[in-house]
Every structure is written in structure tokens, then in C-alpha cells.
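All remarks here apply to the structure that follows.
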Amino acid sequence: MLNFFKQINKPSKSNSYKYCKFINESLVFDYNNNVKLCPLSDFGIICNKYNGIWLDIEKLKIIKSESINIINSLNCPILCKNCEYYKDNKHKNDNSIKYLYLSNWKNCYLNCLYCDYPKEEDLIKAGHYDIFQSIKQLIDSQLIDVNTTIIFDCGDATIHPEFDKILYYFINYGMRNIIINTPAMRYCESISEAIAKNIAQVIIPIDSGCPYIFGRIKGTNKFDIVISNLKRYLSFEEPSEKRVILKYTILNGINDNQKELLDWFMLARDLGIKKLTIDIDKKWYNQIKTSIPQYLKELVIFIKTMSQYNEIEIDFCDRTSFIYNTINKK
Ligand code: SF4
Ligand code: SF4
């Protein structure tokens, strides 16, 4: 593997440095039993068929250094050249991990229309590894510390058998920034504790403002359970904090209208939520990105205006941010 890197790693003719923040700063444990640098592709694989027993830290450092050289070489993969995170900048000479993605768990109780993650059967086939020892190893090796951002990715990490144990470990270690994606079908005391200590942000995707549309998108009628869990999390949030974040993913023909978006917004406002995030179904977006329909642009402007008027922070995910920036450039 390393010889392969040396052979193809001819320097770029350009004098400018190329940079990817993920290659420089992240480590991903994914559900395919890979440990890698890039959360979006299989670039920078440190280990496949990882079984959770022992991570080769020296290999991690070597692959990182080689990957940085590849990004800067003539042989940079086309997927990187076309990627939004491929920038002009210089990589830092630093092995520390700023973003740790725990994406090894894609199981969840829902069945979202836009989900492209494997479901339980595939996961059982792939097998799950024990992430806890690896986390301790990374801390002992001083590659992660209290400043590392920990990201529990989608599915629902809260149903991982060791979720509470891992989260309490991070809380007790003194981690300062933990992001938890959860559909909130299950309530966790550990999450409430992390909210109360102002160290976690919890992102809850409900994608709708009413049980009917929620049911159509999520494949379940448990809207009330989600709202009830959400309220419990909110009760632990300090008034000055924005720890519980409500998410809306726009889907073609289902919730891509002002009424549903407004219902969702009013629900969030009435619950006292102070931060929102908006995304758009990835597959649909890829079909329309060269010609974004006018009504979608209007929806993005509408929600931005509503949030400004009500002083609720809104975070546009990459795709919706692109739509918003395109409109603003005109
Ligand atoms: S440039 Fe994009 S595809 Fe390439 S490593 Fe970075 S995030 Fe991954
Ligand atoms: S919550 Fe996430 S993993 Fe679960 S079905 Fe929805 S998109 Fe898929």
C-alpha cells in the first residue's frame, strides 16, 4: 500500500497548496468496518475489516501524511478535485484529530424516505465492532483530547449497546464539544447530562410540522414520542444555550411547501428551540442542482426571513447553503 502511494505521488506542477480539512483533521469509524480519514468517500483508508481490537497508530500517521501528499499531487483523485472541501491552503503539520466521527452505527428505529444507510440485516452481516477500546487508545495516544469534536453520526447512536457508556466516558473525560444526531425515538439520561453541562449539541430531524407528514417521511406514527423526548432534552438546556437543534430535510413533493415548513418552524418556536438546521434530500438535489426550481429558492428565502424575524438561528447545510448563496450573489 505504501509503495503504491510513493509511486503515484508525483508533485503537482502548481505552486499552490491544496488542502482538505478532513484529511488534515478527522478520523472516521464507519459502518463498513473501515477506519479512514474522509467521511465522504473511501479515500485515506487506514484499516478495513477493523475489528475494534487494536488501531495501528503509526500507520494512521503515515497514511495521513501520504494522503496529504496525494491531495497535493498531480494524481489527486478526481473525486477530491470535484469536492467542495478541496481548497487552496496548506495542511498543518499536526497529527491531532480535531473531528472524530463515530459512524460505526447506522441502525435506527425509523425508515426515512431519504435514508441511504443499510438497515439492520445488512448491519448484522457486516458485524459491529467495539469502538470503546479504540476511543481509549486514541486518548492514551494523545491524538484526541478535550478539544476534539466528537460526532455521533446518523442512524441512531443512542441504540448502540454501548452508547451511554461511551458518552459518559466523554463527559467524565471533560470533552467540550459533542454532536449527537438522533431521531429522539429513545430518551437518554446521558444526553440530558451532556446538554446540562453545555458540552453537547443534539440534532433531531423531524422534517415536518405534523404527525401526518412525519409519518409519511419516517414510516412511523411515533411523532408524539419524539416531541416528548425533545421536550425533556430542552428542559436541560440553559436559557442562554442552543443545545437542542431541530432539523428539516426538504423532500420532493412531500414537505417542499411553505405550509409544512411554516408548521415545522412554528412548532420549533413554540417549543422554545433556538437553533434550526435545514437540508435537502441529497438524491433529489443531485438531479436538480444545475437548475434549482424557483419555488425552492423562495422556500429557502422564506425560512431565512422567518428565522431572522423571530431571532431563531438557522444553519443551512451544504446543499441549502449553496442555494442561499447563489440567490444572494445575484
Ligand atoms: S477532498 Fe472531499 S473527497 Fe477528498 S478527502 Fe477531502 S472530503 Fe474526502
Ligand atoms: S434517522 Fe437516519 S438512519 Fe434512521 S432512517 Fe432516518 S436517515 Fe436513516
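Take the sequence shown: its position 55, counting from 1, is numbered 55 in the numbering used here, and each next residue is one higher.
For each residue, glycine too, the CB sits at the ideal point set by N, CA and C.
Taken through DSSP and simplified to helix, strand or coil, P161 comes out as coil. Nearest to Q294 by C-alpha distance, out of T326, Y248 and K247, is T326. C-alpha of L110 to C-alpha of L74: approximately 43 angstroms in a straight line.
Less than 8 angstroms separates the beta-carbon of F170 from that of I150. Spatial neighbours of S307 in its own chain (CB-CB distance under 8 angstroms, excluding positions within 5 residues in sequence) are listed in chain order as F265, L276, E313 and I314. Taking non-hydrogen atoms of ligand 1 into account, the C-beta of F43 is found less than 7 angstroms away from one of them.
Annotation for Q294: the continuous alpha helix (DSSP H) segment containing it runs Q294 to Y309. Rounded to the nearest angstrom, the Cβ distance from F29 to I131 is 6 angstroms, consistent with a contact under 8 angstroms. One residue after another in chain order, those with a Cβ under 5 angstroms from a heavy atom of ligand 2 are C108, L110, C112, C115, Y117, C154, G155 and P183. Along the length of the segment 133-193, whole alpha helix (DSSP H) runs at least 4 residues long occupy 163-173, reported in chain order. Counting along the chain, P211 sits inside the alpha helix (DSSP H) bounded by residues P211 to K218. Between ligand 1 and the CB of I23, the shortest heavy atom gap is smaller than 7 angstroms. With fewer than 16 other Cβ atoms inside 10 Å of its own Cβ, V146 counts as exposed. Secondary structure note for K59: its alpha helix (DSSP H) is the uninterrupted segment I57 to I71. Contact between the segment 97-111 and the segment 75-88 is absent: fewer than 3 CB-CB pairs across the two stretches fall below 8 angstroms. Taking 7 angstroms as the cut-off, one finds no heavy atom of ligand 1 near enough to the beta carbon of C317. Under the three-state reduction of DSSP, Y50 is assigned to coil, being neither helix nor strand.
A direct Cα-Cα distance of roughly 7 angstroms separates K274 from I245. In this structure, C47 places its C-beta atom within 8 angstroms of the C-beta atom of N34. Beta bridge pairing from DSSP links P205 with K247.
With a threshold of 7 angstroms, the Cβ atom of Y17 does not count as near ligand 1, since no heavy atom of the ligand is closer than that.
Boundaries of the beta strand (DSSP E) harbouring D30: S26 to D30, taken from the DSSP string.
A straight-line Cα-Cα distance of about 30 angstroms links I71 and I278.
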